[in-house]
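One structure is given below, encoded as structure tokens.
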Amino acid sequence: MFKINIKLILLFLFPLLVSSKLLDGLLDLSIVQKLVDEINGLTGGIWTAEVNELTRLPLIEQKKLCGTIIPEENKNHTQAEPPKVEGTVKGSCSTKIEFDARTKWSGCSAIIGHIQDQGQCGSCWAVSTASTYTDRYCIAKAKKNQKIGTDAGSQFSALDVLSCSMSRDGCQGGWPLDAWKWIQSKGVCTGTDYKTKGGCKPYPYASGGATPRSPCKSACTANWGTAYQKDKHFATSAKGLQGSTATVQAIKNEIMANGPVVACFDVYNDFMSYRSGVYFKTANARKVGGHAVRIIGWGTQTCNGKSMPFWLIANSWSTGWGEKGLVKIRSGVNEVGIEKSGIAFGIPKI
């Protein structure tokens, strides 16, 4: 009975055990390792958890990574139950990628494959929108046989979306479809990530650093040679799929036609520890918040003769997380709301 109680404490109360178990702002490694071991005992080897920088963050810091505010009407859809796991995977699983936007539009592979790092700002909604616009801008040019660029002038600013499309501090959260509508009406300027610091408005937040409020400024950085308004790029449309319209085939059709889309879903504490495989929420995992990512493809993983379809997703938690920044999430069953919570996209104006 004592062992059962310990497991319940780890699974249910882990995010709250912060006051006495913090070391330099991080949770005690031994407690985190026990939680990860518990998770790995529940996945059957279909996906693997690990201790990483995010799993050691207290709940209040983990929540900062989840800045997508999902509307109430988008939450009333049945989510999947964990699959029945019988034993553990014997040997290795095989993975078949059925569609990958990086392969479909190979000239844009470096753009689509670039993994952002949002830092400790709830900017996933803005980062995923700006990144998807960048992907689709490259793809739209490729379709017209125009020269494709990977320089700062062909990458678009998450900061512009973050600071100017909202009436409040964008690090407190937002909604991708609203961001796409803002791009359609107001335009988005150029801007790269924090490391390269290029374009009109590069991303200002370093990994793990402070995230002071960035007010909306109608000006580019001093070293960018184009005026803010002239630097703006627009979308000819801004659309969304949610609920009954967000079928697996509808999502796939849009990606195959025009490129990656933004997808919103619920993050649970076990997701923070994802390392590899096809993610599904384990029993008793605790909800952390809403998140937005880019779906760039899909495929199937087969373990012990049983197949599981998945979405191939680019996250914005750096290349140090997951499969070099990528994650595979079980598809076809609205796992953690990935299909029904909200799919957003638009067509860049070229």
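Letter by letter, the sequence shown follows residues -20 to -1, 1 to 330 of mature numbering (1 follows the signal peptide of the UniProt record, and there is no 0).
Virtual Cβ for every residue (Gly too), placed ideally from N, Cα, C.
### Query
Hey, Ser137 and Cys180 are a contact pair by Cβ (cut 8 Å); roughly how many whole angstroms apart?
The sequence position of residue 137 within the sequence shown is 157, counting from 1. The sequence position of residue 180 within the sequence shown is 200, counting from 1. Indeed, because the Cβ distance is near 6 Å, the residues count as touching under 8 Å.
### Query
Where does Leu7 sit, in a helix, a strand or coil, going by DSSP?
Translated into positions along the sequence shown, residue 7 becomes position 27. Note: Leu7 maps to strand in three-state DSSP.
### Closest residue to Gly326 among Gly24, Ser198, Ala218 (Cα-Cα distance)
For this step, residue 326 is matched to residue 346 along the sequence shown. For Gly326, the nearest C-alpha among the options comes from Ala218.
### Query
In chain order, what residues of the same chain have a beta carbon less than 7 Å from the beta carbon of Ala186, not counting five sequence neighbours either side?
Here residue 186 refers to the residue found at position 206 of the sequence shown. So the list reads Gly99, Tyr174, once near-sequence residues are dropped.
### Message
Short of 7 Å in beta carbon distance, which residues of its chain neighbour Gln96, apart from the five on each side in sequence? Order them along the chain.
### Response
By 1-based counting over the sequence shown, the position of residue 96 is 116. Excluding residues within five positions, the ones whose Cβ falls inside 7 Å are Val107, Ser111, Asp173, Ser296.
### Query
In its own chain, which residues sit with a C-beta less than 7 Å from the C-beta of Lys124, not counting the 5 before and 5 after it?
Position 144 of the sequence shown, counting from 1, holds the residue named residue 124. Cβ neighbours of Lys124 beyond the five flanking positions: Ile330.
### Task
Please look up how many angstroms separate the CB atoms of Ala120 and Pro328, rounded, as I've assumed it's under 8 Å.
Within the sequence shown, the letter at position 140 stands for residue 120. Within the sequence shown, the letter at position 348 stands for residue 328. Sure, about 5 Å apart at Cβ, within 8 Å.
### Query
Where do the N-terminal and C-terminal ends of the beta strand (DSSP E) with Met252 fall, by residue?
If you number the sequence shown from 1, residue 252 lands on position 272. It is not in any beta strand (DSSP E) - Met252 carries neither H nor E in the DSSP assignment.
### Coil, strand or helix - Leu221 by DSSP
Along the sequence shown, one-based indexing puts residue 221 at 241. Correct three-state label for Leu221: strand.
### Query
Which same chain residues, not among the five before or five after Gly312, have their C-beta less than 6 Å away from its C-beta?
Counting from one through the sequence shown, the residue named residue 312 turns up at place 332. Excluding residues within five positions, the ones whose Cβ falls inside 6 Å are Val228, Pro289.
### Task
Can you have a look at Gly129 and say buried or exposed, based on whether 16 or more other CB atoms are within 10 angstroms of its CB?
Numbered from its first residue, the sequence shown carries residue 129 at position 149. So Gly129 ends up on the exposed side.
### Residues sharing a beta bridge with Ser256, DSSP
Here residue 256 is taken as the residue at index 276 of the sequence shown, counted from 1. Partner(s): Thr28.
### Query
What is the DSSP secondary structure of Ala237, reduced to helix, strand or coil?
As a working note, residue 237 is residue 257 in the sequence shown. Here Ala237 sits in helix by DSSP.
### Task
Return the first residue and the last residue of the beta strand (DSSP E) that Pro289 is part of.
Sequence index remark: in the sequence shown, residue 289 carries index 309 (1-based). It spans 286 to 294 - the beta strand (DSSP E) in which Pro289 sits, taken as one unbroken run.
### Query
Short check: CB of Gly257 to CB of Thr23, under 9 Å?
On the sequence shown, residue 257 is found 277 positions in, with the first residue counted as 1. On the sequence shown, residue 23 is found 43 positions in, with the first residue counted as 1. Yes. Within cutoff.
### Message
So for Ala159, helix, strand or coil by DSSP?
### Response
Counted from its first residue, the sequence shown places residue 159 at position 179. If DSSP states are grouped into helix, strand and coil, Ala159 belongs with the helices.
### Exposure of Leu3, with buried meaning 16 or more beta-carbon neighbours within 10 Å
For the purposes of this step, residue 3 is taken as the residue at position 23 of the sequence shown. At Leu3, the pLDDT of 42 sits below 50, so the modelled position is not reliable and the matter cannot be decided from this model.
### Message
As an exercise, report each continuous alpha helix (DSSP H) stretch of at least 4 residues that is fully enclosed by the segment 155 to 208, in chain order.
### Response
156 to 166
### Query
Buried or exposed: where does Ala324 fall if 16 or more other Cβ atoms within 10 Å of its Cβ makes it buried?
Taking the first residue of the sequence shown as position 1, residue 324 is located at position 344. So Ala324 ends up on the buried side.
### Query
Can you name the start and end residues of the beta strand (DSSP E) that Thr130 belongs to?
Along the sequence shown, one-based indexing puts residue 130 at 150. Note, Thr130: premise wrong, no beta strand (DSSP E); not H, not E.
### Query
Out of curiosity, what's the CA-to-CA distance linking Lys197 and Lys267?
Numbered from 1 along the sequence shown, position 217 holds the residue referred to as residue 197. Numbered from 1 along the sequence shown, position 287 holds the residue referred to as residue 267. Taking the straight line from one Cα to the other gives about 35 Å.
### Query
Alpha carbon to alpha carbon, what distance is there between Lys14 and Ile(-15)?
Start at 1 with the first residue of the sequence shown, and residue -15 comes out as number 6. Start at 1 with the first residue of the sequence shown, and residue 14 comes out as number 34. Below a pLDDT of 50, predicted positions are generally treated as unreliable, and Ile(-15), at 46, falls in that range; the measurement from the model is reported next regardless. Near 10 Å, if we compare the C-alpha coordinates of Lys14 and Ile(-15).
### For His213 and Pro156, the rounded distance between their alpha carbons
Locating residue 156 in the sequence shown gives position 176, counting from the first residue. Locating residue 213 in the sequence shown gives position 233, counting from the first residue. Cα to Cα, Pro156 sits roughly 17 Å from His213.
### Cβ separation of Pro63 and Phe260, assumed to be a contact under 8 Å, to the nearest whole Å
Taking the first residue of the sequence shown as position 1, residue 63 is located at position 83. Taking the first residue of the sequence shown as position 1, residue 260 is located at position 280. At roughly 6 Å, the Cβ-Cβ gap stays under 8 Å, so Pro63 and Phe260 are in contact.
### Closest Cα partner of Pro240 within the set Asp140, Val141, Ala230
Taking the sequence shown and counting its residues from 1, the one referred to as residue 240 is at position 260. Of the listed residues, the one whose Cα sits closest to Pro240 is Ala230.
#### Entry: Endpoints, the alpha helix (DSSP H) within which Glu41 is located
Along the sequence shown, read from residue 1 onward, the residue named residue 41 stands at position 61. Its alpha helix (DSSP H) spans residues 39 to 43.
### Query
Span of the alpha helix (DSSP H) holding Arg310?
Numbered from 1 along the sequence shown, position 330 holds the residue referred to as residue 310. Unbroken run through Arg310 is the beta strand (DSSP E), 306 to 310; no alpha helix (DSSP H).
### Given Lys320 as reference, the closest of Ile19, Tyr248, Pro51, Leu9 once Cα atoms are compared
Your numbering for residue 320 matches position 340 in the sequence shown. Measuring from the Cα of Lys320, the nearest candidate turns out to be Pro51.
### Task
Tell me whether the beta-carbon of Gln42 lies closer than 9 Å to the beta-carbon of Asn233.
If you number the sequence shown from 1, residue 42 lands on position 62. If you number the sequence shown from 1, residue 233 lands on position 253. No; because the gap between Cβ atoms is not below 9 Å, this pair is not in contact.
### Query
What is the DSSP secondary structure of Thr58, counted as helix, strand or coil?
On the sequence shown, residue 58 is found 78 positions in, with the first residue counted as 1. The answer is coil: DSSP assigns Thr58 none of H, G, I, E or B.
### Task
Look up Leu2 in the DSSP assignment and say whether it is helix, strand or coil.
As a position in the sequence shown, residue 2 is number 22, starting the count at 1. Note that Leu2 has pLDDT 41, beneath the 50 cutoff, so the model's placement of it is unreliable and no number is given.
### Query
Alpha carbon to alpha carbon, what distance is there between Lys161 and Lys304?
By one-based count along the sequence shown, residue 304 stands at place 324. By one-based count along the sequence shown, residue 161 stands at place 181. Those two C-alpha atoms are separated by around 31 Å.
### Query
What number of angstroms, rounded off, separates the C-alpha of Gly302 from the C-alpha of Lys127?
Indexing the sequence shown from 1 puts residue 302 at position 322. Indexing the sequence shown from 1 puts residue 127 at position 147. Using only the alpha carbons, I get a separation of about 33 Å.
### Query
Can the beta-carbon of Gly188 be found less than 9 Å from the beta-carbon of Ser103?
Within the sequence shown, residue 188 is the residue found at index 208, counting from 1. Within the sequence shown, residue 103 is the residue found at index 123, counting from 1. Contact: no.
### Message
Given a cut-off of 9 Å on the beta-carbon distance, is the pair Phe251 and Ala265 in contact?
### Response
In the sequence shown, counting from the first residue as 1, residue 251 sits at position 271. In the sequence shown, counting from the first residue as 1, residue 265 sits at position 285. Contact flag set, yes.
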